[in-house]
Each structure stands twice: as C-alpha cells, then as structure tokens.
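Here is the structure we will look at.
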Amino acid sequence: MKSILTILFALSLASFPTLHADDSTKNGTKTAEPQFVYFKGSFTKFHHGKREEALDLIYSRFWTVDQVVGRKPIPFDCLTGEWDHMVFFRLHGGLADLEKEKDAMQVKWDQQLEKQEGSPEKAKALHDYHESLVMKKGDGLFKVLAADVDFPDHYYNKGGKPTYYRVTFVKYKSGKKEEANKYIMNNFRPVRLAIGRSVIPMFSVAGGWDNIVFVAMPGGLADFESDSPSEAWEEEFAKQQGGRDKAAEANGYFRGLVEDTVTEITKARWKK
1 MKSILTILFA LSLASFPTLH ADDSTKNGTK TAEPQFVYFK GSFTKFHHGK
51 REEALDLIYS RFWTVDQVVG RKPIPFDCLT GEWDHMVFFR LHGGLADLEK
101 EKDAMQVKWD QQLEKQEGSP EKAKALHDYH ESLVMKKGDG LFKVLAADVD
151 FPDHYYNKGG KPTYYRVTFV KYKSGKKEEA NKYIMNNFRP VRLAIGRSVI
201 PMFSVAGGWD NIVFVAMPGG LADFESDSPS EAWEEEFAKQ QGGRDKAAEA
251 NGYFRGLVED TVTEITKARW KK
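UniProt numbering numbers the first residue of the sequence shown as 1 and each following residue consecutively.
Quick look at the structure:
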C-alpha cells in the first residue's frame, strides 16, 4: 500500500461531487444538484496464459467496432492487482439504460460487430470464444461530474503510445463517505484546479469501493516508485490551507475518514 500522501494527492486531483445538493443558501434557496454522467464498470480476470490473447481480441476486434459507432469506452490493462482488464462504458441514456435489456448504443454496437464479422453467427462465435478466456468478472456503477466527462478525448489521442496510470481504490469508514467527499470538494479539488492536472475520477454508486481514481504518470513507472505528490501540489495545497502546518492538519483530518485504500498500476494503450 502506498503512503497516505500519495492517496491524498490522487483524491485531491479528482472532482468528486457530493451525493446531495448543497445546504440552503442565505436567501433560503437550494443550489442545483450537480449534473452527473453515469458509467457501467466491468472488471475481468482471464485464465492463466490467456491474458494476451484476450486483450488482443479486445483491441483488434472489439475496439474497431467502438471506433465506427462512436462509443468511447475507458479501458485499462492492469499490471498489478486482482484484475487483468477494466473498462468503463458510458450510459448515454443515463440510469434509464440500466432498465433496458439493451440500450441504443449497445444495439448499434452489436449490429456493427455482426457487419464486421460477416454474420450474426460469426459475431456470436467471437463473443463466446472471448468469454471462454475469462476466469471471473466483476462490475459496478459509477458517476462522474459532467464538467469532467471529456476525458476520453483527452486521454486517448496519444497515437497508441502506452500511458501508465496510478489507480487508487478508496473505502471510507462507515457513515463517512458523504463527509469525505465534501471535504475533498472544499479542500482538495481547488488544488487540482489550480495546478491544472487532469485525472479520471470514478465515484461509486454501487460497488465495493467508494471512489476509484486514475492519475496519469507522465514519467512512467518511475512516477509510481517515487511514492510522493508533486511539488506543485504540495506548494499549492499549503498555500490554500494557510501554511504547511495547517496543510498537515488537513491531511490528518481526511486520513481519519479513510478505512482502506489499495493502489495499483494500469496501462492505457488505445489510440484514436
């Protein structure tokens, strides 16, 4: 497990919203509920020795369909941890898509796969074969503040060059999730905005973790091994808190809300 400073750094960069609208303002009215975009997350572990074959099928046969229909999944290959691959699919129709057997985007995707493979039977055979490579799966429901949802364009226009990410899974103590997210919004998010670093924040609606945060590592794996926030973040955080002593107190307070964290390494290698 990485140090709490690294965890705080990752969370500070995220734009996690609170679950409810803010309290009444001075004039007695309430602020509007933040607008969210929802994602369905899928986590996959492949059978021993089948990882590379399974990933190759994803990138060579499924990603080509995504490009045609305009779906922008957010995929990561896991280099450490329980899973081999994780991907987040946007629910273009919002939560209403969960009530449908197939949402409109999925229908388009299935039709394009059948066209690409030559027939519905061949498309099904490809699906079935890929499923045979899977050992286990997990899933979850996530939301992201709509203002931050343009990250697919930002992250995947890289000419196919692999980009490494530090992913932090966070679980708060019982009854502390709301307080933790408000604290992030008030104390940590302004730092992220000031230094201008982008991340992929996933706020869990249903799943085992409360937050999942992907932070790009521009320096590659060396950034992970350094195990420390950037100087820019530390300086800006101390500035906004009114000094390094107060910044340390703020970190300590937030640390008291956290029950558990796990930090892993993932890689994004898709190109537009």
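Glycine residues also receive a C-beta, built at the ideal position from the N, C-alpha and C atoms. Predicted, not measured: the structure shown is a model, and the values here were computed from it.
Check whether A232 and I200 have beta carbons under 8 Å apart: no
CA-to-CA distance, A123 to L113, given in whole angstroms: 6 Å
Which of helix, strand or coil DSSP assigns to D245: D245 falls in the helix class under three-state DSSP.
Residue closest to R71, alpha-carbon to alpha-carbon, out of D77, F237, V87: The shortest Cα separation from R71 among D77, F237, V87 belongs to V87.
Coarse secondary structure for T25, derived from DSSP in three states: Note on T25: pLDDT 37, under 50, position unreliable in the model; no value is reported.
In DSSP terms, what Y38 is bridged to: K143
Residue environment, M135, which counts as buried when at least 16 other CB atoms sit within 10 Å: exposed
Those residues which DSSP pairs with M86 across a bridge: F43, F76
Between the CA atoms of I184 and H130 - distance to the nearest angstrom: 40 Å
Three-way DSSP call (helix, strand, coil) for K176 in this model: Note: K176 maps to coil in three-state DSSP.
Contact belief for L257 with E179 at Cβ below 8 Å, rounded distance in angstroms: 6 Å
Span separating the alpha-carbon of V191 from that of L133: 43 Å
DSSP beta-bridge partners of N211: V170, F203
Distance, E249 Cα to residue 286 Cα: Shown here, the chain extends from 1 to 272; a query on residue 286 therefore has no answer.
Beta-carbon proximity check, R255 vs M217, cutoff 8 Å: Not closer than 8 Å, so no.
Endpoints, the alpha helix (DSSP H) within which I265 is located: No alpha helix (DSSP H) holds I265; the beta strand (DSSP E) holding it covers 258-268.
Alpha carbon of E264 to alpha carbon of E82, nearest angstrom: 9 Å
Reduced DSSP secondary structure (H/G/I, E/B, other) of G138: G138 sits in a strand when the DSSP states are folded into three classes.
Minimum Cβ-Cβ distance from P75 to chain C less than 8 Å: Here chain C cannot be found, since the structure has a single protein chain.
Rounded straight-line distance, which links the Cα of D128 to that of D121: A quick correction: the sequence has Glu, not Asp, at residue 121. When only Cα atoms are considered, E121 and D128 end up about 10 Å apart.
DSSP bridge partner residues for Y164 (one or two, in chain order): K267
Cutoff 8 Å; reference A206; Cβ partners in own chain excluding five residues on either side: G140, L141
Nearest-angstrom Cα separation, counted from D260 out to K171: 5 Å
Alpha-carbon to alpha-carbon, L79 and H47: 15 Å
With 16 other Cβ atoms within 10 Å as the buried cut-off, status of K115: exposed
P73 versus D245 - alpha carbon distance: 42 Å
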